[in-house]
Each structure stands twice: as C-alpha cells, then as structure tokens.
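Numbering (full-length UniProt numbering), first residue to last: 1 to 109.
This is the structure in structure tokens:
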C-alpha cells in the first residue's frame with residue numbers, strides 16, 4: 001500500500017468525521033497548507049505526524065489497511081471486533097492474510 005493510498009484513507013476518515021483540514025493540521029502540528037499538500041500527494045507527513053493524525057481520527061493500522069482494500073460490506077469495525085476475540089498469534093495471522101490478499105489483488109491475481 002502506497003503512502004498516497006494511506007493519505008486517501010485518512011482523508012476519507014477525516015471527511016466522514018466532518019473534520020476540516022485545519023483541525024487535523026493543528027492537532028498534528030503542521031500548517032494547513034502542508035496538510036493539504038499531503039492529502040493531495042504532493043508532500044508527505046513525517047511518521048510521527050501520521051501517527052498523530054491516526055490518533056486524532058481514532059483509527060488503527062488495521063482500519064487503514066481495510067479502507068485501502070475496500071472490503072465492503074464488511075466494515076473495519078466488524079473485523080476489529082472479531083479480531084479482539086482471537087489470540088495474539090491468530091491476530092498476527094489475520095493481518096498477514098489481509099496483506100497477502102491485498103498484494104494479490106494489486107497484482108491482479
């Protein structure tokens with residue numbers, strides 16, 4: 001999954017929550033202009049800023065992975081709820097499966 005795909009997923013979550021670019025930018029400590037450029041793929045967030053945005057939007061890496069996979073009608077919350085019942089090893093296997101599936105889909109397989 002590319003950085004741009006991750007930012008598209010972040011943008012969708014921001015819009016879903018009816019937050020402005022300014023609100024997210026202020027929360028993660030950057031200018032609105034830089035944040036706009038990041039959402040459009042013209043610039044990149046530092047890892048710490050990306051993590052801060054995820055925390056502010058209350059989303060996980062699993063949420064982003066599922067958003068980029070477009071697994072409708074299963075929601076990220078469905079998978080997260082189910083994953084909470086699994087052992088740590090099973091959760092790891094689930095994430096590995098999702099990422100392999102994503103890579104296979106990306107290759108057209």
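All residues carry an ideal CB built from backbone N, CA and C; glycine is no exception.
All of these numbers come straight from a predicted model, not from anything done at the bench.
Which whole-angstrom value describes the C-beta separation of residue i and residue j, a residue pair presumed to lie in contact below a C-beta threshold of 8 Å?
i	j	result
residue 35	residue 18	Actually they are not in contact, since the Cβ atoms of residue 35 and residue 18 sit about 16 Å apart, beyond 8 Å.
residue 94	residue 69	Contact flag wrong, Cβ pair sits at about 13 Å.
residue 29	residue 42	19 Å between Cβ atoms; not a contact.
residue 52	residue 23	That belief does not hold up - the Cβ atoms of residue 52 and residue 23 are roughly 12 Å apart, past 8 Å.
Using the Cβ count rule (16 or more neighbours within 10 Å means buried), how would you classify residue i?
i	result
residue 100	exposed
residue 61	exposed
residue 63	buried
residue 6	buried
residue 45	buried
residue 67	buried
residue 14	buried
residue 65	buried
residue 80	exposed
residue 25	buried
Can residue i be considered in contact with the ligand NAP, in the sense that its beta carbon sits closer than 7 Å to one or more heavy atoms?
i	result
residue 89	What this structure holds is no ligand at all, so the ligand NAP is not there to describe.
Which complete alpha helix (DSSP H) runs does the segment 18 to 64 hold, if anything under 4 residues is left out? Note on the segment 18 to 64: whole alpha helix (DSSP H) runs with a minimum of 4 residues are 21 to 28, 32 to 39 and 47 to 57, in chain order.
I want to know whether the segment 4 to 11 touches the segment 36 to 52 - three or more CB-CB distances under 8 Å. Yes: the two stretches touch, three or more of their Cβ pairs being nearer than 8 Å.
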